[in-house]
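Numbering (this note's numbering) for the sequence shown: 18 to 181.
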Amino acid sequence: AAAGAPPAGPFAGGAGQPGRAPDISSLTPEERASRLFDRIVRYDEEGKRDSVQFFAPMALAVYQGIPNPTTDQRYDLGRIGEVTGDYRLAKAQADTILRDNPTHLLALSLAARMTIDPKARLEIERRLLAAEAGERAKRLPEYEGHAADLARAIADAKKTVGGA
Numbered sequence: 018a019a020a021g022a023p024p025a026g027p028f029a030g031g032a033g034q035p036g037r038a039p040d041i042s043s044l045t046p047e048e049r050a051s052r053l054f055d056r057i058v059r060y061d062e063e064g065k066r067d068s069v070q071f072f073a074p075m076a077l078a079v080y081q082g083i084p085n086p087t088t089d090q091r092y093d094l095g096r097i098g099e100v101t102g103d104y105r106l107a108k109a110q111a112d113t114i115l116r117d118n119p120t121h122l123l124a125l126s127l128a129a130r131m132t133i134d135p136k137a138r139l140e141i142e143r144r145l146l147a148a149e150a151g152e153r154a155k156r157l158p159e160y161e162g163h164a165a166d167l168a169r170a171i172a173d174a175k176k177t178v179g180g181a
């Protein structure tokens, strides 16, 4: 870097400074929840279990403060339960979504992952595959936002159902 030039790169200070979290106090609860969810999922994918466990209680508190959570927020909360090992929370969120929309793809995928019994899981994955075309046609925002989760779930279900 040239003398006197500001440092460059992701750790050059400001918002990207390591060890310093961005100020989220001015964000709405929904925005805070979304940011914490993204952080937790990223840490889980990176194998940073200690960071997942550190941020999860904050995220849970924020999500519990949202008066009328959307389906997307319920799925996010269920995913947090899944990655932290709180399978009751994950299952409860999937069940709540499915009560309102029995063919919701993300809820079916979460319910399948939370089901230990192989026969019950197979049945849920069959429901997921049967609902796929009709649900994708709805173009729900949560399907767009969680496209990778959905693609993985569909691929897993096809393997399981195809091998049954």
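Ideal Cβ positions, reconstructed from N, Cα and C, are used throughout, including at glycine.
Please read all numbers here as calculations on a predicted model, not as lab measurements.
Thinking C-beta only, is A174 closer than 7 Å to L146?
The count along the sequence shown starts at 1 and reaches residue 146 at position 129. The count along the sequence shown starts at 1 and reaches residue 174 at position 157. If you check the CB distance, L146 and A174 come in under 7 Å.
D112 lies in the alpha helix (DSSP H); which residues open and close that run?
Reading the sequence shown from its first residue, position 95 is the one you call residue 112. Membership of D112 in the alpha helix (DSSP H) is indicated by the continuous run 104-117.
If the criterion is Cβ atoms closer than 7 Å, does the pair E161 and L123 meet it?
For the purposes of this step, residue 161 is taken as the residue at position 144 of the sequence shown. For the purposes of this step, residue 123 is taken as the residue at position 106 of the sequence shown. Not a contact, by the Cβ cut-off of 7 Å.
If you draw a straight line from the C-alpha of A154 to the C-alpha of H121, how long is it?
To locate residue 154, count along the sequence shown from 1; it is residue 137. To locate residue 121, count along the sequence shown from 1; it is residue 104. If I take the Cα positions, the gap works out to 12 Å.
First through last residue of the alpha helix (DSSP H) which encompasses S68
Here residue 68 corresponds to residue number 51 of the sequence shown, with the count starting at 1. Note, S68: alpha helix (DSSP H), 66-81.
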